[in-house]
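A.B. asks:
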Amino acid sequence: MMSEMLTRSTADRYRLLVAETTALVAHRLAGATQPFSGASRSELQRLVDDSALDGPGVGTSAAIAEIDDVFLEHAVWFHHPAYAAHLNCPVALPAVAAEAVLAAVNTSVDTYDQSTVGTLMERKVVSWTAERIGFAHGDGVFTSGGTQSNMHALFLAREAAVARAGAPRAETLPRLVVLATASSHFSVGKSALLLGLSDDAVVIVADDGEGRMDPDALDVALQRAAASGLLPMAVVATGGTTDRGVIDPVASLAAVCDERGVWLHVDAAYGCGLLVSRRRRHLLAGIERARSVTVDFHKSFFQPVSSSALIVREPRDLAAGAWHADYLNPLENAEPNQVDKSLQTTRRFDALKLWVTLRALGPDRIGEMFDTVVDLAADVADAVDADPDLELVGRSQLSTVLFRVRPDGTDDADQDALVAGVRRVLFESGRALVAKTVIDGRPCLKLTLLNPETTLDDVRAVLSMVKDAATALAGIAPDLDSELASELVAGLVGAEVSA
Ligand SMILES: *Cc1c(COP(=O)(O)O)cnc(C)c1O
1 MMSEMLTRST ADRYRLLVAE TTALVAHRLA GATQPFSGAS RSELQRLVDD
51 SALDGPGVGT SAAIAEIDDV FLEHAVWFHH PAYAAHLNCP VALPAVAAEA
101 VLAAVNTSVD TYDQSTVGTL MERKVVSWTA ERIGFAHGDG VFTSGGTQSN
151 MHALFLAREA AVARAGAPRA ETLPRLVVLA TASSHFSVGK SALLLGLSDD
201 AVVIVADDGE GRMDPDALDV ALQRAAASGL LPMAVVATGG TTDRGVIDPV
251 ASLAAVCDER GVWLHVDAAY GCGLLVSRRR RHLLAGIERA RSVTVDFHKS
301 FFQPVSSSAL IVREPRDLAA GAWHADYLNP LENAEPNQVD KSLQTTRRFD
351 ALKLWVTLRA LGPDRIGEMF DTVVDLAADV ADAVDADPDL ELVGRSQLST
401 VLFRVRPDGT DDADQDALVA GVRRVLFESG RALVAKTVID GRPCLKLTLL
451 NPETTLDDVR AVLSMVKDAA TALAGIAPDL DSELASELVA GLVGAEVSA
């Protein structure tokens, strides 16, 4: 029987198989005329049910050919210009090529003896990021995503607070609080839960009315917490909120945190692309005064999932998570083991993708690509604002656009009800993907633009599908958020956006 393991003797077969596989993907990429096939969930469930996982193997080529029909046919294509839903970027070619390398070599960057030069390369990419932030001697580690980076940061902040409190852990944990705005990422609240803090440990700080944390309100909240016997463990500033795309005034917040001696964490999962922007780097001014920073390269550096990092200003802060195992990283071992800094053990060499991208394109080019999508979002916001059938909801500093659609004869309640229906109609047509959220208690539609090759006309075409769907739905029943409504309306949605 032919070997199906990737070894010395199958190197040629590996080359053929990967060529065959990439040919399938290339064919799909070239042929994707819309971001999603529009297949119904029942149809997709049937496809999945039809594949037996218990039968005899069909062979590698056949199994790959099968996923062409099952998966590639129905994948959601983030590179398509009518994909404007969530914080997913199209990916840079050098990063995808590097992904193939790390998948095949299968390095695990936990201990030095498993990754050797890979460890040194990850460390260099981490140092590069720390320097971009403005940390003189920063350190950090790659993680699976912003959620993990935020949790890791808050874990380090918790350990620092417990050490400072000097009381038993069990007495300290219920007194710890984290301060953030209502627009901060949900992973902040989730981390508080996972870290064993009290149910009301996240204190919401008032914003400026548009989602940016108010430094005076932070100061008052910190004083109030202290007066109530609570221990502020961290302030989480958001360097680009997920919905509104606004940036907390980091420098002013840092001044408050310094004065009160509180750990400042900056969640720049979305806004980290500004670190390489020559035109907008100032929007993150003050980030160098944070104690820890989350960056998501898989959001604004055009990297494939996963690629994120937690970066700290003081390398010693990472030691709170170190743990020693005799078989892995015993204390007497002087090798540079990334596992000592990570919450994970076995861990992907994601840093290679960013390394290759930086070498291939240079940071300025990545920054220009991010600037391009921020410019596009501003143009789209202008177009929405100028359109009597649309209502712009706030202005983003990054690349989201929030809006409502208001067909003739509809009132606020109808417009609110239309949001879910419009999103669903577009999703089920597969022609354009938009997201929805709630701002100040009212639903609205949301575009997240992260494709530097998408044009204003491409987005105008999406907006026109939104309007067509809304008009059609409003004529039937604005709150008809059902498959029936989608079917009724799908045929009415405007022309395809060309890929
Ligand atoms: C997306 C996002 C996160 C979470 O990142 P994941 O990579 O999805 O885990 C955290 N914070 C902000 C502000 C985000 O936009």
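Numbering-wise (the UniProt record's numbering), the sequence shown opens with residue 1 and increments by one.
For each residue, glycine too, the CB sits at the ideal point set by N, CA and C.
1) Considering only residues of the same chain and omitting the five flanking positions on each side of D371, which have a CB-CB separation below 7 Å?
2) So is the beta-carbon of N88 under 7 Å away from any non-hydrogen atom of ligand 1?
3) Apart from the five residues just before and just after A85, which ones in its own chain have a Cβ nearer than 7 Å to its Cβ?
4) So, A469 versus L426, is the Cβ gap smaller than 8 Å?
5) Could you check whether T400 and G146 sit closer than 8 Å to each other, using their CB atoms as the reference points?
6) Starting from F142, trace the beta strand (DSSP E) in both directions and tell me its first and last residue.
7) Would the beta-carbon of A269 be found less than 7 Å away from any heavy atom of ligand 1?
8) Compare the beta carbon distance of N333 and H79 with 8 Å and say whether it is the shorter of the two.
9) Which same chain residues end up closer than 8 Å to residue 500 when comparing Cβ atoms and leaving out the 5 residues on each side of it in sequence?
10) Does any heavy atom of ligand 1 sit closer than 7 Å to the C-beta of G146?
11) Does the beta-carbon distance from V339 to L354 come in below 8 Å?
12) Please check if any C-beta of chain B sits within less than 8 Å of the C-beta of E131.
13) If you reduce the DSSP assignment to three classes, tell me which class Y112 lands in.
14) Alpha carbon to alpha carbon, how far is L318 from F302?
15) Given A98, which residues of its chain have a CB within under 6 Å of its CB, disregarding the five upstream and five downstream residues?
16) Between P168, T471, D216, which has its C-alpha nearest Q415's C-alpha?
17) Consult DSSP for E496 and reduce its assignment to one of helix, strand or coil.
18) Can you tell me which residues form a DSSP beta bridge with C444?
19) Starting from I366, trace the beta strand (DSSP E) both ways and give me its first and last residue.
20) Identify every residue that forms a DSSP beta bridge with R391.
21) With DSSP as the reference, label D296 as helix, strand or coil.
22) Between which two residues does the alpha helix (DSSP H) carrying H265 extend?
23) Taking the alpha helix (DSSP H) that L17 belongs to, which residues open and close that run?
C.D. replies: Quick answer:
1) Counting only residues of its own chain and dropping the five nearest sequence neighbours on each side, D371 has a CB closer than 7 Å to the CB of S277, R279, R280.
2) Distances between the C-beta of N88 and the heavy atoms of ligand 1 are all 7 Å or more.
3) In the same chain as A85, and ignoring 5 residues on each side of it, the C-beta atoms closer than 7 Å to its own belong to L433, V434, A435, T448, in chain order.
4) Going by beta carbons, A469 and L426 fall inside the 8 Å limit.
5) No, these two residues do not count as a Cβ contact at 8 Å.
6) In the DSSP assignment, F142 falls within the unbroken beta strand (DSSP E) covering 139-143.
7) Answer for A269: yes, Cβ within range of ligand 1.
8) Not a contact, by the Cβ cut-off of 8 Å.
9) What the structure shows of the chain is the stretch from 1 to 499, and residue 500 is not part of that stretch, so it cannot be assessed.
10) The beta carbon of G146 sits closer than 7 Å to at least one heavy atom of ligand 1.
11) With respect to L354, V339 sits apart: the two C-beta atoms are not nearer than 8 Å.
12) In summary, chain B is missing from the structure at hand, where a single protein chain is found.
13) In this structure, Y112 counts as helix in the three-state DSSP scheme.
14) Taking the straight line from one Cα to the other gives about 27 Å.
15) Cβ neighbours of A98 beyond the five flanking positions: L352, K353, V356.
16) Of the candidates P168, T471, D216, the residue whose Cα lies closest to the Cα of Q415 is T471.
17) Because E496 carries a pLDDT of 42, less than 50, the predicted location of this residue cannot be relied on, and the following value inherits that uncertainty. The answer is coil: DSSP assigns E496 none of H, G, I, E or B.
18) In DSSP, C444 forms a bridge with T437.
19) Per DSSP, I366 lies in no beta strand (DSSP E); the unbroken alpha helix (DSSP H) holding it starts and ends at 363-385.
20) The sequence shown places Glu at residue 391, not Arg. Answer by DSSP bridge pairing, in chain order: R404.
21) Residue state, collapsed to three classes: strand.
22) Premise fails: H265 lies in the beta strand (DSSP E), 264-268, not in any alpha helix (DSSP H).
23) Here the alpha helix (DSSP H) through L17 covers 11-31.
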